[in-house]
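**Q** If you scroll down you'll find the structure; I have some questions about it.
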Amino acid sequence: MDIINILTVFILAIFVGNEVISKVPPTLHTPLMSGSNAISGIAIVGAIIATKVGGQIGTWLGLTAVIFATINVVGGFMVTDRMLKMFKKKK
Amino acid sequence: MEYINLFYVLAAVLFIIGLKKLSHPKTARNGNIIASIGMLIAIVATLVGFDVLDFKLIAVGMIIGAIIGATFAIKVKMTGMPQMVAIFNGFGGGASALVAAAEFYTKAETVDQTTFLFSTIVISVLVGTLTFTGSFIAFGKLQGFISGQPIVFKGQKILNAIIALLIIAFAIGVVVVPANMYWYFLGLLIFSALLGITIVIPIGGADMPVVISLLNSYSGIAAAATGFVLLNNGLIISGALVGASGLILTNIMCKGMNRSLVNVIFGAVGLTQEGASGDSAGKQMNIKSYSTEEAAMIFDAADKIIIVPGYGLAVAQAQHAAREVADFLESKGKTVLYAIHPVAGRMPGHMNVLLAEANVPYDHLKDLDEINPEFETCDVALVLGANDVVNPAARHDKSSPIYGMPILDVDKSRTVIINKRTMNPGFAGIQNELFGFDNSIMVFGDAKKMLTDLLKDLKEL
């Protein structure tokens, strides 16, 4: 992939993020943070690939990365769900 | 192999839809589920799409990670949410840095080294590592393992500058001097870790919302940088989304305190400053202290009540007691609203979560801009464990450290009832002139006990 192409993707994604996230009301800022935090666990994809790329050190670094990223993903989505469950309208 | 990128794009689309649905409490839970499905798709696509993976190793890693993550997520108390998000940020940043490091060790042996690849590795390792160590310091401060007070010493700024310069030198070394690459890389790693520590220790407990938001943003930037290392669109898009989100929240928090980001990072506010409280400290205040019975009579005569919760309320675990009082008042046909200052909790939106936990309906929670005009027509403003965010000095006293900070205009209500444990000043270390106002009434005592007594007295009226 060409460098200019991925830069384009990156910059456009920032604009999309800005647009989408500025609409989140203050009430939901904590779940937003823990939820987006879980999304940053996407590094898990890189971690999985890293376990493959031979060499002892690479594999161990990859394994640690898999553990870290999974904590991030699983914990992040679960705790966000736990919080969002509590937001109720008046009965 | 090309098709795998389609799945990453699909995952990214699901992340965006998920975040979009977070814009309303009604759809938010579904949004989170949609985003998690996106993540599942990205993971499965990677496992299936890349061959020669060591599945056993990956499974072990994922099981360990899932157990740790799930335990945290189930066990954490809502008051402990900031620490938990901090530590998760740290793991996210750490994972990104590790992936970049793995890529470094693999590519260092081969011929396909490009300036672009090594530059992105350097950025990813730098941001990821300092997010990792910085988050752990933030966690330690919030959890009380490390003093919440800013830790400052002579020459701190010079030390930070030296560390930053060393990082730049090592980074250039990694990229342009292949001969000593490993040593430069190690230096980069160590000093990035150090920088994460030294930039967070001088920041006080009250400024933690800014720090957590900023580290959240960094964890996204690190993921995006790793995406550049691996030329992976999925990581780049997701990282950019999180980076943008963290920056927006950082900005909102800074505005809530009327401070610039630079001031938060280097200002070390919250340190007990001598004589910084300005002239208002010297003035004698006439304070009226009421019992809960007397307060109950005022509530009985009121039609519109606004509750202003501060972090003291959460510390006293009194959210439920506050909601019970509100329920009772509502059953008498009174209007009860909640005024939430942006920095009422220890992270963005924290107070809302704490009140939601106590079953306060979310449509009763009003943010600063929404609620301020309401105080003019409000009969009683009940301030519970909040201090600096209701200090009118922020509007007029230029010598006050909180001058210019947007505040909740509780003093415009007909009566302000303030519950505090003692007359001790708040986080910024300044006395609050509001307590001496003619329309102000103090009810001293622990928030939970005071609210329980108040409810009893209300019922007896």
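Here the protein sequences line up with chains A and B, keeping their order. Taking this note's numbering as reference, the numbering of the first sequence is continuous, increasing by one, and the terminal residue is 287. Taking this note's numbering as reference, the numbering of the second sequence is continuous, increasing by one, and the terminal residue is 825. From the three backbone atoms N, C-alpha and C, an ideal C-beta is built for every residue, glycine too. In this text, all values refer to a predicted model and were calculated from it rather than measured experimentally.
(1) Going by DSSP, which residues form a beta bridge with residue 748/B?
(2) Could you confirm whether any beta carbon from chain A is found closer than 9 angstroms to the beta carbon of residue 389/B?
(3) What's the gap between the Cα of residue 248/A and the Cα of residue 622/B?
(4) Just to confirm, is the Cβ distance from residue 754/B to residue 775/B under 9 angstroms?
(5) Roughly how many whole angstroms lie between the Cα atoms of residue 222/A and residue 386/B?
(6) Are the Cβ atoms of residue 555/B and residue 538/B separated by less than 9 angstroms?
(7) Does any C-beta atom of chain A lie closer than 9 angstroms to the C-beta of residue 684/B?
(8) Beta-carbon of residue 263/A versus every beta-carbon of chain B: anything under 9 angstroms?
(9) Between residue 375/B and the rest of its own chain, which residues show a CB-CB distance below 6 angstroms, the 5 nearest in sequence each way excluded?
(10) For the alpha helix (DSSP H) that contains residue 442/B, what are its first and last residues?
(11) Taking the straight line between their C-alpha atoms, what separation do you get for residue 390/B and residue 408/B?
(12) Taking only heavy atoms of the ligand ZN into account, decide whether any of them is closer than 8 angstroms to the Cβ of residue 797/B.
(13) Tell me, please, whether the CB atom of residue 200/A is closer than 9 angstroms to any CB atom in chain B?
(14) For residue 695/B, decide whether its Cβ has a neighbour in chain A, counting only Cβ atoms nearer than 9 angstroms.
(15) If you reduce the DSSP assignment to three classes, tell me which class residue 653/B lands in.
(16) Do you know offhand how far residue 201/A's Cα is from residue 737/B's?
(17) Could you tell me which residues DSSP puts in a beta bridge with residue 702/B?
(18) Counting C-beta neighbours from all protein chains within 10 Å, is the total for residue 423/B 16 or more, i.e. buried, or is it exposed?
(19) Under a Cβ-count criterion, where at least 16 other Cβ atoms within 10 Å of its own Cβ denotes burial, should residue 624/B be classed as buried or exposed?
(20) Quick check on the DSSP output: the beta strand (DSSP E) that includes residue 806/B runs from which residue to which?
(21) Since residue 204/A meets chain B, which of its residues come closer than 8 angstroms, beta carbon to beta carbon?
(22) Going along chain A, which residues have a C-beta under 9 angstroms from residue 703/B?
(23) Could you say which of 552/B, 662/B and 521/B lies nearest to residue 535/B if we only look at CA atoms?
(24) When you compare each of 801/B, 478/B, 756/B and 370/B to residue 651/B by their alpha carbons, which one comes out closest?
(25) What whole-angstrom Cβ distance do residue 829/B and residue 468/B have, given they're in contact under 8 angstroms?
(26) If we call anything under 9 angstroms between Cβ atoms a contact, is residue 298/A one with residue 244/A?
(27) Measure from the C-beta of residue 383/B to each C-beta in chain A and report whether the shortest distance is under 9 angstroms.
(28) Per DSSP, what kind of secondary structure is residue 448/B in: helix, strand or coil?
(29) Of the choices 205/A, 230/A, 259/A and 271/A, whose alpha-carbon is the least far from that of residue 382/B?
(30) Under 8 angstroms between beta-carbons, which chain A residues line up against residue 740/B? List them in chain order, please.
**A** To lay it out plainly:
(1) Within the second sequence, residue 748/B is the residue found at index 384, counting from 1. In the DSSP output, where bridge partners are listed per residue, residue 748/B has 673/B and 783/B.
(2) Position 25 of the second sequence, counted from the first residue, corresponds to residue 389/B. Chain A contact via Cβ: present.
(3) Translated into positions along the first sequence, residue 248/A becomes position 52. Translated into positions along the second sequence, residue 622/B becomes position 258. Cα-Cα distance, rounded: 48 angstroms.
(4) Taking the second sequence and counting its residues from 1, one reaches residue 754/B at position 390. Taking the second sequence and counting its residues from 1, one reaches residue 775/B at position 411. Taking 9 angstroms as the Cβ cut-off, residue 754/B and residue 775/B qualify as a contacting pair.
(5) Indexing the first sequence from 1 puts residue 222/A at position 26. Indexing the second sequence from 1 puts residue 386/B at position 22. Going from the Cα of residue 222/A to the Cα of residue 386/B covers about 11 angstroms.
(6) Position 191 of the second sequence, counting from 1, holds the residue named residue 555/B. Position 174 of the second sequence, counting from 1, holds the residue named residue 538/B. Not closer than 9 angstroms, so no.
(7) Against the second sequence, residue 684/B aligns to sequence position 320. Taking Cβ atoms only, chain A never reaches closer than 9 angstroms to residue 684/B, which makes this a no.
(8) As a working mapping, residue 263/A is identified with position 67 in the first sequence. So, interface residue.
(9) Working through the second sequence from its first residue, we reach residue 375/B at position 11. Apart from the 5 residues on each side of it in sequence, residue 375/B sits with its Cβ closer than 6 angstroms to the Cβ of 402, 405, 406 and 598 in its chain, given in chain order.
(10) Stepping through the second sequence from its first residue, residue 442/B is reached at position 78. For residue 442/B, there is no enclosing alpha helix (DSSP H), as DSSP marks it with neither H nor E.
(11) Locating residue 390/B in the second sequence gives position 26, counting from the first residue. Locating residue 408/B in the second sequence gives position 44, counting from the first residue. Each residue's Cα considered, the two are about 29 angstroms apart.
(12) Only the bare structure without any ligand can be found here, which leaves the ligand ZN out of the picture.
(13) Counting from 1 along the first sequence, the entry for residue 200/A is found at position 4. Not closer than 9 angstroms to any Cβ of chain B, the Cβ of residue 200/A fails to qualify, so no.
(14) By 1-based counting over the second sequence, the position of residue 695/B is 331. Not one beta carbon of chain A lies nearer than 9 angstroms to the beta carbon of residue 695/B.
(15) To locate residue 653/B, count along the second sequence from 1; it is residue 289. Of the three classes helix, strand and coil, the one that applies to residue 653/B here is strand, per DSSP.
(16) In the first sequence, counting from the first residue as 1, residue 201/A sits at position 5. In the second sequence, counting from the first residue as 1, residue 737/B sits at position 373. Residue 201/A and residue 737/B have their C-alpha atoms some 49 angstroms from each other.
(17) Numbered from its first residue, the second sequence carries residue 702/B at position 338. Partner residues in the beta bridge of residue 702/B, as assigned by DSSP, are 671/B and 729/B.
(18) Reading the second sequence from its first residue, position 59 is the one you call residue 423/B. An exposed status is given to residue 423/B, since fewer than 16 other beta-carbon atoms sit within 10 Å of its beta-carbon.
(19) The residue you call residue 624/B lines up with position 260 of the second sequence. Answer is exposed; the Cβ neighbour count stays below 16.
(20) Working through the second sequence from its first residue, we reach residue 806/B at position 442. Counting along the chain, the beta strand (DSSP E) containing residue 806/B begins and ends at 804-808.
(21) Along the first sequence, one-based indexing puts residue 204/A at 8. The contacting residues do not exist; residue 204/A stays about 10 angstroms from chain B at best.
(22) Start at 1 with the first residue of the second sequence, and residue 703/B comes out as number 339. Near residue 703/B there are no residues of chain A at all, since even the closest Cβ is about 12 angstroms away, more than 9 angstroms.
(23) Stepping through the second sequence from its first residue, residue 535/B is reached at position 171. Here the closest residue by C-alpha is 552/B.
(24) As a position in the second sequence, residue 651/B is number 287, starting the count at 1. With distances taken between Cα atoms, residue 651/B lies closest to 801/B.
(25) With chain B running from 365 to 825 in the structure shown, residue 829/B is simply not present.
(26) Nothing can be reported for residue 298/A, as the shown portion of chain A is limited to 197 through 287.
(27) On the second sequence, position 19 is the one that residue 383/B refers to. At a cut-off of 9 angstroms between C-beta atoms, residue 383/B counts as an interface residue with respect to chain A.
(28) Taking the first residue of the second sequence as position 1, residue 448/B is located at position 84. Three-state result, residue 448/B: helix.
(29) Here residue 382/B refers to the residue found at position 18 of the second sequence. Among 205/A, 230/A, 259/A and 271/A, the Cα nearest to that of residue 382/B belongs to 230/A.
(30) Counting from 1 along the second sequence, the entry for residue 740/B is found at position 376. The contact set of residue 740/B on chain A, defined by CB atoms closer than 8 angstroms, is empty, because the minimum CB distance reaches about 22 angstroms.
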